[in-house]
Structure formats: C-alpha cells, structure tokens
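Here's the structure we're looking at; comments come further down.
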Amino acid sequence: MNNHYNEFETVIGLEVHIELSTQTKIFCGCSTKFGSEVNSQICPVCMGMPGTLPTLNKKVVEYAVKVAVATNCNITKKCLFDRKNYFYPDNPQNYQISQLYLPICTNGFLEINNENICKKIGIHEIHMEEDAGKLIHDEALGKSYVDYNRAGVPLIEIVTEADFRSADEVILFLEKLRLIIQYLEVSDCKLNEGSMRVDINLSVRKTGESEYGTRTEMKNLNSFRAIKRAIESETKRQVDIILNKEEVILETRRWDDSKGESYSMRSKEDARDYRYFPEPDLMPINISGDYIEYIKTNLPEFRDEKIERYVKEYDIPKYDAEIITSEKALANLFEETVLCGANPKKVSNYIMGETLKLMKEREIEAEQISFSPNNLACLIDLDDRKVINSTVAKEVFVKVFDEDINPVQYVNEHGLAQNNDADELTEIIEKVLDNNAQSVSDYLNGKDRAIGYLVGQTMKETKGKANPELVKEILKKSLENRRGVGV
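Number 498 marks the last residue of the sequence shown (our numbering); no jumps.
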C-alpha cells in the first residue's frame, strides 16, 4: 500500500440495530416469528391504519433495561417516544415511532482487549423503536414488493461514540456485544436474518488532527467479514479522494459484498430532515429505581464468569472454557450434558472436536444443533464403560448429531458393541499373525511400529468392534510367545 495511507487515521462510530426476541411486536399483538408467509403477521395497528392506537409492549422496556445495565449505561427513569417522519414504501405509517429527545439509556461503555491493550468504547445512547417492513426487488420483472411482517418488530438501536480506529476494534466490540445480548436472551443477533444490523459511520483525517473529517454511513452489512471488508474499502476510498485534492461527500452508501465495493444511495439526513416531535399517542415511560435494581440482581451469568467457573468447578482447561462459551448454545449444551452425569472434560472434548467439526461440515450455527444433551451423555457413558470403542463412538455421534438417535438403542440394533472376549480375540489374532509373517518378523527384530499394522489388521478382521487396548495387550503376549519358540 502507498506510504501516504500511513499518514491518515480512520475514525469510526457504529449504529447497531438489534431485533428483540419478544413474541409480539412493540405496539400490537402481531407475531414476530421469522420466516413466515409474507404479509401474514400484520394488523391495522402495525399497518398504520387511521384511527388505530399503539400499546407499548412492556417486555421491550425490560429487554432494553437489561442491555443498558449490561453495557454500563445510565437509565433514563422518565423517557418518551418520538415520531420520526419520513416517506418510504416499507414504512406504512409514513413515520417511525422512535426516541430522540429522551432515549431510555445514555452514556455507557464496553471494554475491548486488542493485542493485550484494553480500550473503552463509549456508548452514546440506546433507544427503542419499531422496525420497518422489508422491500423485495424483482430485477427480472422490474418490480418491487413489500413484506410488512417485520413492520413493528421491536428494535433497540445502540449508538456508539466515534471511538474506533480500525476494523479489528469494530469486530472485537461487535463480538462482545453480540455475546452479551445472546446471554441476556433478548435477541439471537443473527446477522444473516437481520436481527442484528450494523451501520458504519466512517471518516478519515490526518494522523494527529483533532477535527473529524466528512463521514459516510454504510449499510447492508450482514456478516462480520463484510463489515471488516467494508471498513477497509471505505477507508481507502476516502483517502484516495483526499489525496486527489477532492472532497468526501456526506452521504449514505450501500455495501455490495459480492463486488467488494460500495455505492452511493442518497445524501445523508440529519434530525431536522425527519421533523421529530413527541409521539402523541403514547404516555411517558416511568422506570423506578426498584425495577432497575430487580433487573440488576437477576442478570444471567455472562461469558467471563462462566469461563472462571468452568475452570474451577469442572476442572477443564481455560482454553476449553473459552471455546465452549464463545456461543451461548454451546455453553448450554455443555452444562446440560454434564448435568446428565457425563464427565466434563469428555463433554468438552466432544463439543470442541466432533461437534465443531460437524457444524462446519453441515454449515450450521450452534443455535441449530438439535440433538439432546441426554443422548450425548449416553454416548459418552458407552465409551467410558468400553461398551463401544472410540472409532465406533465417533461413527455413532454422527447419527446422534444428525438424527438425535438414542445411542444405546442404536448400538444394540446394529451390533456395534465392543468385543471384549479375550479368548475369541486371541483366536483371531493368531490367524492375523499367521497371515502376516513379515510384520511378525519385523516386530521380533526390534521394529516396534510393526505392531500398529497388526492392530489395524485385527480391527479389520473384527469389523472395528474389538477393544483396541485389549487387542494390543493380547498381540504383545502372542508375539512374545512366538519369540520364545523362535517364530
């Protein structure tokens, strides 16, 4: 990269929209279920019909306060809703009920650790609002359609200070925020489904300057990878503009991840363009100190606390604990399997090894894991008691992962139980030795590795059902017996 790029500093602030996982919308009783038939979850209220009135969903306030406490925010004990006026096809009321003047949370922060340097990222505010519908564009027909199922789904918008200086810092913050919200169980934060949406406000300035440059806002970022690429691309674009003695335009841009570039959507609006005024159909929200204290005392155990407890209580390595707690669904699976009586370290091994491997192969998220902790615990028990060997255990786990089968029943039905009959195995091993004279000779002449081949041949003869440890033990005895008779 041209050395001139090193003369500039990137300044970034985020607007993070989180869809809350309430059963119903923020101002009406319509379902918020994702993936339903288009326009099947609407009513006169969320469609903005004349004469209808909104009724606030109390759960939305509870979830917003939980996030506020977890992100060290001040809570506005008397807050209001406002009308944000704009016309767009996916906005049936021609206004959005949001918060401008008295948002529910202000002045918070999260700390991130980048290369062992701790940095505090300020949170300017968190406010509640309703989501808009979704536009669906049919380029072949040249038409656009609107699905209003999402209109009225409750959102919180988390607005950070412009404290980020790199894409890496942004990703660290978003990963931490996402985990906090998932552990709170107020949203699943799935970027691919739009329940977590990130807008990036970015400008560049000469290193050492205090004045901000002209910023742009980038939208349509549906993965952490896309966010990182978009930041790097927009930084380079703005530096190139400045180096060419041109001016960066204040605008909203749309990121195209397939092309790896952004393009202009519209000029950037400010609060005046939206003609905000207090929402006349909703009363002020009064939040008591007792209610805030109740929320604080009932917060769940977060990741850092779980890591510390897992190491202490379950005696597993910190590395294991960090991997397991990186997804709430994995942490739940671990704890519930241990509660079923399984050895914690063996549960950890199955999650970190076979589970993560199959998740990658099946291209699924941790939330999509469908097998029961009890079936995983049963499989570990079969392995512990030497009913099946480790090779068969891995094969059975694939069936557990994909179909949630009962491992005990499956092993019995398919005759997969381990062969621990020493007499029967001795007979098989003698035949293997007779048929592999060269390997026997190699072993007796000091080539210890030859026994590995003989173990493999024995396992092949038993169709993988033999106890490998017992096979190795009998093999050694049989080989030494042959040494004694000069074979």
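Think of the CB as a built atom: it goes at the ideal place given N, C-alpha and C, for glycine as much as any other residue.
Check: What is the DSSP secondary structure of D445, reduced to helix, strand or coil?
Finding: Residue state, collapsed to three classes: helix.
Check: Can I29 and E141 be called in contact, C-beta distance under 7 Å?
Finding: Not closer than 7 Å, so no.
Note to self: Can you check which of these residues, T117, S214, L64, E150, is closest to T21 by C-alpha distance?
What the structure shows: Nearest option by C-alpha distance: S214.
Margin query: Assuming A79 and G133 are in contact, meaning their beta carbons sit under 8 Å apart, how far apart are those beta carbons, in whole angstroms?
Written below: Taking a contact as a CB-CB distance under 8 Å, the pair A79 and G133 does not count as one, their CB atoms being some 14 Å apart.
Check: How many angstroms separate the CA atom of M12 from the CA atom of K256?
Finding: Unreliable placement is indicated for M12, whose pLDDT of 46 sits below 50; the coordinate value is still reported in the next sentence. Distance from the CA of M12 to the CA of K256, rounded to the nearest whole angstrom, comes to 19 Å.
Checklist line | Beta-carbon contacts of V498 that lie in its chain and below 6 Å, excluding the five residues immediately before and after | finding: Reliability fails at V498, whose pLDDT of 47 lies under 50, so the model's placement of it is uncertain and the value that follows must be treated cautiously. Here V498 has no same chain residue with a Cβ atom under 6 Å from its own Cβ, once five neighbours each way along the sequence are excluded.
Note to self: Between Q468, G224, D179, N231, which has its C-alpha nearest I439's C-alpha?
What the structure shows: For I439, the nearest C-alpha among the options comes from Q468.
Next item on the list: Output the distance between the C-alpha atoms of K357 and I416, rounded to the nearest integer angstrom.
Entry: Taking the straight line from one Cα to the other gives about 19 Å.
Notebook entry, point to check: So, do the stretch 383–403 and the stretch 412–427 have three or more beta carbon pairs nearer to each other than 8 Å?
Noted result: The stretch 383–403, when compared against the stretch 412–427, does touch it at the 8 Å Cβ threshold.
Check: Do A514 and C57 have their C-beta atoms within less than 7 Å of each other?
Finding: Only positions 12 to 498 of the chain appear in the structure, and residue 514 is not among them; the question remains open.
Checklist line | Contact the stretch 69–83 vs the stretch 150–168: 3+ CB pairs below 8 Å | finding: Short answer: they touch.
Notebook entry, point to check: Of the residues L341, L486, N124, M370, which one's Cα is nearest the Cα of S359?
Noted result: Ranked by Cα distance from S359, the first of L341, L486, N124, M370 is L341.
Check: Between the stretch 144–161 and the stretch 91–104, do at least 3 Cβ pairs fall closer than 8 Å?
Finding: The stretch 144–161 vs the stretch 91–104: in contact.
Next item on the list: Helix, strand or coil for E420, going by three-state DSSP, please let me know.
Entry: With the sequence shown as reference, residue 420 is identified as Gln, and Glu is not the correct amino acid for it. In this structure, Q420 counts as helix in the three-state DSSP scheme.
Checklist line | Residue interval of the alpha helix (DSSP H) (run including P355) | finding: That run of the alpha helix (DSSP H) goes 355–361.
Check: Just the Cα atoms here: how many angstroms apart are P114 and K130?
Finding: Roughly 25 Å between the two C-alpha positions.
Notebook entry, point to check: For P165, which residues does DSSP report across the bridge?
Noted result: DSSP output for P165 lists E141 as bridge partner(s).
Next item on the list: State the Cα-Cα distance for the pair D267 and A241, rounded to the nearest angstrom.
Entry: Answer to the nearest angstrom: the Cα atoms are 9 Å apart.
Check: Going along the chain, which residues of its own chain have a beta-carbon closer than 7 Å to the beta-carbon of V411, five neighbours each way excluded?
Finding: Around V411: F382, N386, L387, L390, P418.
Notebook entry, point to check: F408 by DSSP, collapsed to three states: which one?
Noted result: The DSSP-derived three-state label of F408 is helix.
Notebook entry, point to check: Using DSSP with H/G/I as helix, E/B as strand and the rest coil, what is E256?
Noted result: Note that residue 256 is Lys in the sequence shown here, rather than Glu. Assigned with DSSP and collapsed to three states, K256 falls in coil, not helix or strand.
Notebook entry, point to check: How would you label E136, buried or exposed, when you count the other beta carbons within 10 angstroms and need 16 or more for buried?
Noted result: Buried.
Next item on the list: Can you give me the start and stop residues for the alpha helix (DSSP H) that N125 sits inside?
Entry: Not the alpha helix (DSSP H): N125 falls in the beta strand (DSSP E), residues 116–125.
Next item on the list: Assign T218 to buried or exposed, taking buried as 16 or more other Cβ atoms, counted over all protein chains shown, within 10 Å of its Cβ.
Entry: Exposed.
Item checked: Sequence-distant residues of its chain with Cβ nearer than 6 Å to A173 (five each side left out) -> The residues V22, G24, in chain order, have a CB closer than 6 Å to that of A173 in the same chain once the five nearest residues on each side in sequence are set aside.
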